[in-house]
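So the protein sequences, as listed, match chains A and B.
All the letters of the first sequence, read from the start, carry residue numbers 1 to 181 under my numbering.
All the letters of the second sequence, read from the start, carry residue numbers 1001 to 1479 under my numbering.
This report refers to the structure that appears directly beneath it.
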Amino acid sequence: MSDISDEALLAACAVGDSAALGALFDRHHEAVYRLVSRLLRTEPVEIDDLVQTTFMEVWRSARRYTGHGSVKSFLFGIAANTVRHHVRSAQRRRNAIAEWEPPTSRNAPDDVLSRAQQVNRLALAVDQLPHDLRVAYVLCDLEDVAGVEAARMLGLRAGTLWRRLHDARRALRAAIEGGSP
Amino acid sequence: MSDDLLEELGKDLPWERPDQARREAVRSSLLVEASEGARPTAQRRWLVVGAAFATGALAAAAVAIVIVRDDHSPAQAPNPAQITASSEARLEHRVVTTATGVDEIVHVHDGKVRLAVEAVRAGDHVRLRTKDAEVEGAGEYEVVVVAEALSTVTVRSGTAQIKVNGQHTVLLSAGQTWRSSIITTDLSPSAPSPPDRVAVADSLDGRPVVNSDSKPAVPDTATHAVRPSDAGRSTVTSGGHPSDSSSIRGADTDIRSEVAATGVRRADSSTRISGTTARGDQTAAGASDFANKLSGVRDADKPAARQADQGVQQADKGVQPDKRVQQADKDNNVQSADNGVPADKPVGSQSTIERHFQTGWALLRSGKAREAAVELGAAAAAAPDDPLATDARYFQAVALVRAGQRPEAERVLVQFLDTAPRSLRRGRAAVMLGRLIGERGDLASARAWLESAVSDPEPAIASAARAGLDALAAPSARP
């Protein structure tokens, strides 16, 4: 199925072709894993569940894809919504944050260590962002989704998304430069 | 700090990259969930609405007919057909006026449909059609269609007549179940219903191989050939050997029939879940035909599947160059040997494990190894203690090898060997496992598995194991 477009695979999903779903998974699971795990720090098994739920939702709602935007954006929109529903449980989210320990780099040269520290601070700061700001930052800055497309997939006005992205960047910059947390 | 630097730092943020095992687990679960009735929402909704509408319309028509007939021609019977479709069913319903009356046709593509047909007027018909068969009944009967092919017909009340293209008509009465061969979708109607264990053997590299040299299996004493010359008097049982409760349940037409002079088989109530057995002249005449057809199916394999096979075939070179196991399985009673389960088991509706197994087997035959692995894995998981689960595991491993998912294939083979140490397929699985392990460089473990198959009663397996050991001993195999 390597020569079949994403759009064709999604259309095949819409009529119940599970092989097409498998092919979509093969093609995009890494991106969805990356997005989901950056939107929510939690146990690997929970990430697996969220990724599976995302693709199941893609399977169920494949008919809703209208051709506006790429299939990857469609997937990301569903993944973002799936995670958003998941984090509604505040307790679950608090537990996830508490349990996560950022990776550290040992025996690294000073400049690399410094960068690693910055990344660690950034990771913690991202975790502490309000979820809406975090989604905006991860989608636009880390996954390079165009702002207009991200706004559409999240059901927001473009201005709202830009404001959230701006707020997210400001908070993250402050966290890194200020040495906190 | 600039936005660019912030973005650059962000790219280094860790993320949860799944390893192969996790990825495959999620993928398998996803496909199983998708295949278990979770059709796309809109379509399902449409089907439900369609089915409800059809049912309502038919009910209304039935009521109207009853009222009209009561008023004007009470002697004539009404003609209502109630259709109840599962949410997964795909069907079309149309009513055609013919010269003799009304022909009501329900064309089912997939899924389970139940028809309740009251007495019909002379000249009227209520038929259920699939791509390969037609069912017409009076009373209540339930039909399962898989991939456009008629899979099962169960009569609850009344009778049903089944016409599979190119085959004799079969008449069922209340309480009886007809089950098609699981390879129906791969064969033209004129082909025999080949017993998988007789005409087809699975090669050591996981590719099913047709045993074109194999003699048609001799019908055992409980199974008699269906010969045209017997028409009119022969009693025919196409069920399995009493000791046979093997994995190919559902592969046969589970009917003990009498061939009437008209060629119509009348079924009695001795429905069985049967294993693969010979089908007399059908097997004899059709074995090579079936071989040719299956070769055609194999030729139609997709490039990816071919690559997977090529990869395995390369591994073959070290073990058994250009030689496949052209040997028919003699293990009609494998499951009996493995599990000692009773042979006869009444068939009600198809169980989950049987459904998954049949679908997986059909997928494997049609070259969709990856999907087949998912289905067969679901079959094994559905009822791990069921005798069928053992074979499901074995064929899941075969499918995984063909799909190039070797680590997963290794895991399943180990599980198979753990759970079925006395299986007649044990040697075959051990050679396959030894080869997979050898490929990734673990020569000691590979040697152990191959050595365990050297004394296999099957000469071809023993020979393959020895050849594999020789290959491992060759200087090029050493790290």
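No residue lacks a Cβ here, since even glycine has one placed at the ideal position from N, Cα and C.
- Query: Would you report the Cα separation of A/R34 and B/L1400, rounded to the nearest angstrom?
  - Reply: 27 Å
- Comparing the C-beta of A/R106 with each C-beta of chain B, is any distance below 9 Å? Unreliable positioning characterises A/R106 in this predicted model, as indicated by a pLDDT of 41, which lies under 50. The coordinate reading is nonetheless provided below. Not an interface residue.
- Message: Using a Cβ-Cβ distance cut-off of 9 Å, determine whether A/W59 contacts chain B.
- Response: yes
- Message: What would DSSP say about B/E1522, mapped onto helix, strand or coil?
- Response: Since the first residue shown for chain B is 1001 and the last is 1479, residue 1522 of chain B is missing from the structure and cannot be characterised.
- Close Cβ partners of A/V119 (< 7 Å) along its chain, the five nearest in sequence each way excluded: none
- Give, in chain order, every residue of the segment 11 to 39 of chain A whose Cβ lies closer than 8 Å to some Cβ of chain B. C13, A14, V15, G16, S18, A19, L21, G22, F25, D26, H29, E30, Y33, R34, V36, S37, R38
- Query: Can you list, in chain order, the residues of its chain whose CB lies under 6 Å from that of A/I4, leaving out five sequence neighbours each side?
  - Reply: none
- Query: With a CB to CB cut of under 6 Å and the five nearest residues on each side skipped, what residues in its chain are close to B/R1370?
  - Reply: A1403
- Query: B/W1015 touches chain A at which residues, Cβ-Cβ below 8 Å?
  - Reply: Y33, R34, S37, R38
- Message: I want to verify the contact list: residues of chain A whose CB lies under 9 Å from the CB of B/P1407, in sequence order.
- Response: Ordered by position in chain A, no residue passes the 9 Å Cβ test against B/P1407, which lies about 16 Å from the chain.
- When the Cα atoms are used, what is the spatial distance from A/G69 to B/A1025? 30 Å
- Query: What's the gap between the Cα of B/V1096 and the Cα of B/V1126?
  - Reply: 10 Å
- Item | Within 9 Å of chain A by C-beta, residues of the segment 1096 to 1128 of chain B in sequence order | D1110
- Query: DSSP three-state call for B/T1390: helix, strand or coil?
  - Reply: helix
- Can you tell which of B/Q1161, B/T1098, B/T1419 has the C-alpha that lies nearest to the C-alpha of B/Y1394? B/T1419
- Could you pull out every residue in the same chain whose Cβ sits closer than 7 Å to the Cβ of B/A1380, ignoring the five residues on either side in sequence? A1389, A1392, R1393, Q1396
- Message: Measuring straight from C-alpha to C-alpha, what distance separates A/I176 and A/R121?
- Response: 6 Å
- Query: Which word fits B/D1470, buried or exposed, when buried means at least 16 other C-beta atoms lie within 10 angstroms of its C-beta?
  - Reply: exposed
- Item | Cα-Cα separation between B/R1179 and B/A1089, rounded to whole angstroms | 18 Å
- Length of the line joining the Cα atoms of B/A1099 and B/G1123: 8 Å
- Task: Can you grab the Cα-Cα spacing for the pair B/P1457 / B/S1028, in whole Å?
- Result: 35 Å
- Message: Suppose the cutoff is 6 Å on Cβ atoms and the five residues either side in sequence are ignored; what does the same chain contact list for A/T53 look like?
- Response: T82
- Item | Integer Cβ distance of A/D132 from B/P1018, believed to fall under 8 Å | That pair is no contact at about 27 Å.
- Item | For A/A12, the nearest candidate out of B/A1034, B/A1021, B/L1013 (CA to CA) | B/A1034
- If you follow the alpha helix (DSSP H) that B/K1368 is part of, which residue opens it and which one closes it? Taken as a continuous stretch (DSSP letters only), B/K1368 belongs to no alpha helix (DSSP H), as it is neither H nor E.
- Between B/A1362, B/K1368, B/L1006, which lies nearest to B/S1151 when the distance is taken from Cα to Cα? B/A1362
- Message: Which residue wins for smallest C-alpha separation from B/R1121, given the options B/A1059, B/E1136, B/G1101, B/L1450?
- Response: B/G1101
- Under 8 Å by Cβ, that's how I've got B/V1374 and B/L1031 pegged, so tell me the actual separation to the nearest angstrom. 4 Å
- Message: Measuring straight from C-alpha to C-alpha, what distance separates B/V1153 and B/G1139?
- Response: 13 Å
- Query: How about A/I4: is its C-beta nearer than 9 Å to some C-beta of chain B?
  - Reply: no
- Item | Proximity test, Cβ basis, 9 Å: A/I78 and chain B | no
- Go through its chain and collect everything with a Cβ distance to B/L1013's Cβ below 8 Å, but skip five positions before and after it. none
- Query: At what residues does the alpha helix (DSSP H) containing A/S37 begin and finish?
  - Reply: 18 to 39
- Measure the CB-CB distance between A/L24 and A/L75 and report whether it falls below 9 Å. yes
- Query: Which stretch, first to last residue, makes up the beta strand (DSSP E) that contains B/H1125?
  - Reply: 1125 to 1129
- Query: Who are the near neighbours of A/A151 in its chain, counting only those whose CB is closer than 6 Å to its CB and skipping five residues on each side?
  - Reply: A158, L161
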